[in-house]
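Written below as C-alpha cells is the structure these notes are about.
Number of protein chains: 2
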Amino acid sequence: MKLLPHSLSNHNCGCKIIILVYLINYDLNFLHMTLIDTVLQFQKLSPDSLSRLEAIIFKQDLPKGSSLLRIGEIDRYFHFIVKGSGRVYYLKDDLDVTDYIALDGQFLGGVESLFTQQPSHKGIELTENSILESFLFHDFEKLCGEIHEVESVGRKLSTFAFLEAQRRIESIHFLSAAERYEELCLKYPGIANRIPLKHLASYLGTTPVSLSRIRGGNQ
Amino acid sequence: MKLLPHSLSNHNCGCKIIILVYLINYDLNFLHMTLIDTVLQFQKLSPDSLSRLEAIIFKQDLPKGSSLLRIGEIDRYFHFIVKGSGRVYYLKDDLDVTDYIALDGQFLGGVESLFTQQPSHKGIELTENSILESFLFHDFEKLCGEIHEVESVGRKLSTFAFLEAQRRIESIHFLSAAERYEELCLKYPGIANRIPLKHLASYLGTTPVSLSRIRGGNQ
DNA sequence: TTCAAAAATTTACATATGTTAAGAAATGAA
DNA sequence: TTCATTTCTTAACATATGTAAATTTTTGAA
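Listed in order, the protein sequences are those of chains A and B.
In this text, residue positions in the first sequence follow our numbering: the first is 4, and each later residue adds one.
In this text, residue positions in the second sequence follow our numbering: the first is 4, and each later residue adds one.
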C-alpha cells in the first residue's frame, strides 16, 4: 500500500525547504475562505441578509491550545476556522478521545450541546494558532426566525453536515484503519504534519501504535 | 455480560403466546406515530401549513421485500415508516452491506441521492410488510421555499438527523460490537426478532458469526 | 405437513489490532 | 544550546474478530 509522506524530517537541504514553506503559507493567507464565502456556496443571499449575518460574526485570533468549550459547560458559540485547526474531544475512562477534527474552512462546535443546550460531555481546543469567525448560536437562530433565506441556508448547512456524518459512518464502518488514514490524507493534504498522530489515531478509531505501524508501511 | 432475549423459539405453550402477540399488535395499530405527529414534536405549525404538508403526503401499504430505491436510480421520494421496517444497503465487493435500518416512527430515504440528486449507490428495501407515508422530496423543498415555518421544521429535522448520525459515529467508534448490539436492543426493543441477524451484524459493523457469538454469551 | 432453501450457529483456524513496555525522536522552555 | 517532557516508533505478546466449512435451525412454498 502506498501512503502519502507525513514528515519532512528526512530532508538534508533544510534552508531552501523552509523558505519554500514560508512562501506557501504567505500566499494561503489570501486564499483562505471566510464563513460568508462558505455560506454563499450554498445559497445566494440578499445584501440585507448578508449584512445582518455579518453583524453577528466576530473574528478571533487565538493561540494553539486555547479552549473553546470545557467539558460540563453549555456551548453557546459556533466557530468557523478561517485558518488553523481544532478538535472536539472527550474522556472515556480517563482517556482523551478525539471525536472530531476541523481544519481551515470548516465549522467547529460542540454540536450536541449547542443544539440541545445541555451541558457538554465534550471539550473543544485549538490544535494550532488559529483565526476564527465565531457567532452566538442563539443570534443565528434568531436570524433564522426573522429571515427566511437565512433559515434556508441553515437547513442546507445542517443537511450538508448530516451527509458528511453519513460519509464518516461509512468510512469508519467499512474501511480498514489503513484505508481510513489514506482517505484522510487525500481529503486533507498536510493534515499528518499538522495534527499529532495520537489525535489522528483516536479520530480514526485506532491506536497510536497501530497508526504508527500503518505509517511505517508494515501490515 | 447480560443480553436481551432475541427469540421466542424456546416457548412450549405456543398457542397462548401467539394470541398475546396478536393483541399487542392490534393495540399498536392505534398507537403508531404518523409523519405529521413526528413533525409536530419539533415545531407547532399553522393549520394552513399543516394542510399544505398533508397534501403532499400519500400513504402506501407495501409487502415485505418491496424495493423503494434501486441501486443506480436517483431517489425522489422520502418515506416515513408508520408501521414496519426497511433497510438501506449497498454492495461492497458483491457483498450485501446494511448501511441503515429504520423501524416504525422513523424516516427512510436514500439521503445522499435524495439531497444531491445523483444516482444512488445504495438501495432501499422493506424488511417487513409496512405502512408508509411518502412524499416527493421536491414537493417538500418547494413547500420549504414557500412557507417559512416549514423550512424551519426542515432545518430542525436535518439538525436532528445530524445529531443522530453523530451519536452513531460515537457508537461505532468507541463501543465494542457486543456493546453496540446491547445498545441497539435497548433502543429498539424487539428489533432482534424483526430484522435478520445478518442485516443487524452488517449494520453494527460486524459479521453474522461474531454477532452469533455475542448473542450466545460467549466472549 | 413436507421438504428444499435460507439463515443461524458452532468449530477451528488465521490475522489484524490492541496492550504493554522500552527506546528513539521531536518539541518547547529555560 | 541544553535538557526535561512529550510524542512517536518498534517489538513482543495477548486477544478480539474475521474466514471457511460443517451442522443445526428456521422459513416459506408446494
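Positions of the beta carbon are idealized from the N, C-alpha and C atoms, including for glycine.
Query	Result
L65 (chain B) burial status per 10 Å Cβ neighbour count (16 or more: buried)	buried
Chain-ordered residues of the region 160 to 190 of chain B with a beta carbon less than 9 Å from chain A	L160, S161, T162, F163, A164, F165, L166, E167, A168, Q169, R170, R171, I172, E173, I175, H176 and F177
Residues of the region 118 to 150 of chain B whose Cβ lies closer than 8 Å to any Cβ of chain A, in chain order	F118, T119, C147 and G148
Same chain, Cβ closer than 6 Å to Y103 (chain B), five either side skipped, listed in chain order	V91
Rounded Cβ spacing between F81 (chain A) and F138 (chain A) (contact assumed at less than 8 Å)	6 Å
Assigned exposure category for D99 (chain A) - 16 Cβ within 10 Å defines buried	exposed
Near-chain B residues of the region 93 to 104 of chain A (beta-carbon distance less than 8 Å), N- to C-terminal order	K95, V100 and D102
Residue range of the unbroken alpha helix (DSSP H) whose run includes H124 (chain A)	Run containing H124 (chain A): none; DSSP gives neither H nor E here.
Limits of the beta strand (DSSP E) - the one that H82 (chain A) falls within	Y80 to K86
First through last residue of the beta strand (DSSP E) which encompasses K62 (chain B)	F61 to L65
Rounded C-alpha distance that separates S88 (chain B) from I175 (chain B)	22 Å
Contacting positions in the region 189 to 215 of chain B - beta carbon closer than 8 Å to chain A	G208
Closest residue to H141 (chain B) among B:S133, B:E154, B:N132 and B:E131 (Cα-Cα distance)	B:E154
Residue range of the unbroken beta strand (DSSP E) whose run includes L71 (chain B)	S70 to L72
Cβ neighbours of E77 (chain B) in the same chain (closer than 8 Å, five flanking residues each side left out)	For the sequence presented, residue 77 (chain B) should be read as Ile rather than Glu. Same-chain partners within the cutoff: S116, Q120, Q121, P122 and S123.
Of the listed residues A:K145, A:L146, A:K47 and A:Q63, nearest to K86 (chain A) (C-alpha basis)	A:Q63
DSSP state of L106 (chain B) mapped onto helix, strand, coil	strand
Any C-beta of chain A under 7 Å from that of G75 (chain B)	no
C-beta neighbour in chain A for R158 (chain B), strict 7 Å	yes
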